[in-house]
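According to the working numbering, the residues represented by the sequence shown are 684 to 832, in order.
To start, the structure itself, in structure tokens.
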Amino acid sequence: MWMLVRANALGIETQPERGTRTLAASPDTAERGDPWRWTISLDETGARPGVEVSADPDHIRLETQQYSNGYTGLLHRPAGTQLVVAALAGEALVASAEGPWERWLRPGDVFVVEGEDDETLRLSLPAGEACVDVVSLAPVRAHALRWVP
């Protein structure tokens, strides 16, 4: 499953005391009744924006990597895990390595990918200011993670 969340879709969900804005979460509202697993927020308090990730360590193992400076390469998502690409500056192109789809991301956009099969995505950043954070989320106990949007 792929889900593109455009900037400000969850932008009303802010934590002004921390200077952050929610970009994506699972679940995205408490009203759903599902147990909270993770939240990815945009932190704009530093010299350059970045993501702040909160996750339930009993259920989620995570890694965060930042890409910039005209990076072009492949992102690998193993089966049962989730990958979240958060655009921080400039534009970024996320595409299926095997085609045919592609999506342009702009600051504040996030792209969430999950599924039962391994998957490879191509990430392309134009030279200049383009920058993204990529968060890999893996299950600690379960066989696979499910995103509850």
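Just so you know, even glycine gets a beta-carbon here, dropped at the ideal spot from N, CA and C.
The structure presented is a predicted model; accordingly, all values stated were derived computationally and were not measured.
In chain order, ARG720, TRP721, TRP830, VAL831 place their CB closer than 7 Å to the CB of SER709, counting only its own chain and leaving out the 5 sequence neighbours on each side. Taking ALA770 as reference, the option from LEU758, ASP816, GLU799 with the minimal CA-CA separation is ASP816. Per DSSP, reduced to three states, the secondary structure at GLU797 is strand. Within the model, the alpha-carbon separation for LEU725 versus GLU781 is close to 30 Å. Around the C-beta of GLU735, 16 or more other C-beta atoms lie within 10 Å, and the residue is accordingly described as buried. As DSSP reads the structure, THR747 sits in a beta bridge with VAL818. Beyond the five residues adjoining it in sequence on each side, PRO822 comes within less than 8 Å, by CB distance, of HIS742, ILE743, ARG744, GLY763, THR764, LEU828 in the same chain, given in chain order.
In this structure, DSSP gives ARG715 a helical state, which the three-state scheme calls helix.
A residue is called buried when at least 16 other Cβ atoms come within 10 angstroms of its Cβ; ASP792 meets this threshold and is buried.
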